[in-house]
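> Per the numbering used here, the sequence shown starts with residue 260, numbered consecutively. Ideal Cβ placement from N, Cα and C applies to all residues, glycine included. What follows is a structure written as structure tokens; I'll ask about it next.
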Amino acid sequence: MKKIGFRNQLIVGLIIIIIGFILSSVFKNGIFSNIGWVVYGLIFFINPVAPINPYIPEKTFRFWIRLTALAIIIIGVLIEFNV
């Protein structure tokens with residue numbers, strides 16, 4: 260099974276965030292943008308795909324991607340986006 264690459268995963272995540280903001284605007288409820296941010300963080304937390312970088316080991320890069328994804332999830336949970 261072919262793994263999804265970093266670029267494709269980033270694009271899918273951005274599409275999810277945009278859909279969350281559109282749903283928030285349509286329904287006048289900010290919870291959809293929060294859900295979009297949490298899902299975006301979960302995508303990278305569950306599957307931390309590292310871009311090709313010859314200077315940083317992949318294991319270290321995956322750790323930092325997971326840590327950043329956790330920060331995105333926390334921001335999505337704690338910050339209330341109002342429309």
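#1: Tell me whether F340 sits in a helix, a strand or coil according to DSSP, three-state version.
#2: To which residues of the same chain is L329 closer than 8 Å at the C-beta, ignoring the five residues directly before and after it?
#3: Looking only at its chain, what residues have a beta carbon closer than 7 Å to the beta carbon of N312, apart from the 5 residues adjacent to it on each side?
#4: Our contact map puts V336 next to I302 with C-beta atoms below 8 Å; I'd like the distance itself, whole angstroms only.
#5: Tell me whether I276 sits in a helix, a strand or coil according to DSSP, three-state version.
#6: List the whole-angstrom C-beta distance separating I278 from V308, where the pair is believed to meet the contact cut-off of C-beta under 8 Å.
#7: From G289 to I331, what distance separates their C-alpha atoms?
#8: Find out if the Cβ-Cβ distance for the pair S284, F340 is shorter than 8 Å.
According to the structure data:
#1: Counting from 1 along the sequence shown, the entry for residue 340 is found at position 81. Looking at F340 - three-state DSSP - the assignment turns out to be coil, as it is neither helix nor strand.
#2: Your numbering for residue 329 matches position 70 in the sequence shown. Residues G300, F304 of the same chain have their beta carbon placed closer than 8 Å to that of L329, with the five preceding and five following residues left out of the count.
#3: The count along the sequence shown starts at 1 and reaches residue 312 at position 53. Non-local beta-carbon contacts of N312 in its own chain, meaning distances under 7 Å to residues more than five positions away in sequence, involve F320 in chain order.
#4: Taking the first residue of the sequence shown as position 1, residue 336 is located at position 77. Taking the first residue of the sequence shown as position 1, residue 302 is located at position 43. Contact between V336 and I302 fails: their C-beta atoms lie close to 16 Å from each other, not under 8 Å.
#5: By 1-based counting over the sequence shown, the position of residue 276 is 17. Three-state result, I276: helix.
#6: Here residue 278 corresponds to residue number 19 of the sequence shown, with the count starting at 1. Here residue 308 corresponds to residue number 49 of the sequence shown, with the count starting at 1. That belief does not hold up - the Cβ atoms of I278 and V308 are roughly 21 Å apart, past 8 Å.
#7: Taking the first residue of the sequence shown as 1, we reach residue 289 at position 30. Taking the first residue of the sequence shown as 1, we reach residue 331 at position 72. When rounded, the distance between both Cα atoms is 16 Å.
#8: Here residue 284 refers to the residue found at position 25 when the sequence shown is read from its first residue. Here residue 340 refers to the residue found at position 81 when the sequence shown is read from its first residue. In this structure, F340 does not lie closer than 8 Å to S284 by Cβ.
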